[in-house]
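**Q** Just dropping this structure here.
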Amino acid sequence: IAESCPLILTKQDQNGNTPLHEAVISGHFPMVESLVGKFATPEYKAYSNQINKQNPYGNTPLHLAIQFDHPEIAEFLFKYGADPTIKN
């Protein structure tokens with residue numbers, strides 16, 4: 001689906017969360033890896049800012065990984081460019 005409609009990777013749900021936010025909240029590490037990996041490819045480089053995208057509450061995927069006690073996801077996001085200095 002993402003190949004035919006890449007904007008689906010950035011679409012926000014009714015709570016203002018992107019697919020990456022939701023994957024982090026649910027602790028779905030393989031999906032987090034897949035999405036972050038997709039953003040790192042040349043075809044999707046324009047969407048690489050999604051790793052630091054804030055939802056309406058100011059939470060980035062990194063904030064949510066910490067909030068929902070997913071340390072392995074937090075480490076992964078940090079390794080791939082999540083900015084720990086963004087305030088929520």
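Just so it is clear: in the sequence shown, position 36 is 36 by the working numbering, and no numbers are missing. Just so you know, even glycine gets a beta-carbon here, dropped at the ideal spot from N, CA and C. For clarity, every value in this text was computed on a predicted model and none was experimentally measured.
(1) Roughly how many angstroms lie between the CA atoms of I1 and G37, to the nearest whole one?
(2) Roughly how many whole angstroms lie between the Cα atoms of I66 and I8?
(3) Within 10 Å of its beta-carbon, does F76 have 16 or more other beta-carbons around it, so buried, or fewer, so exposed?
(4) Buried or exposed for F68, going by 16 or more other Cβ atoms inside 10 Å?
(5) Give a yes or no on whether the C-beta atoms belonging to H21 and P61 are separated by under 8 Å.
**A** Taking the structure as given:
(1) Unreliable positioning characterises I1 in this predicted model, as indicated by a pLDDT of 46, which lies under 50. The coordinate reading is nonetheless provided below. Roughly 16 Å separates the two Cα atoms.
(2) 25 Å
(3) buried
(4) exposed
(5) yes
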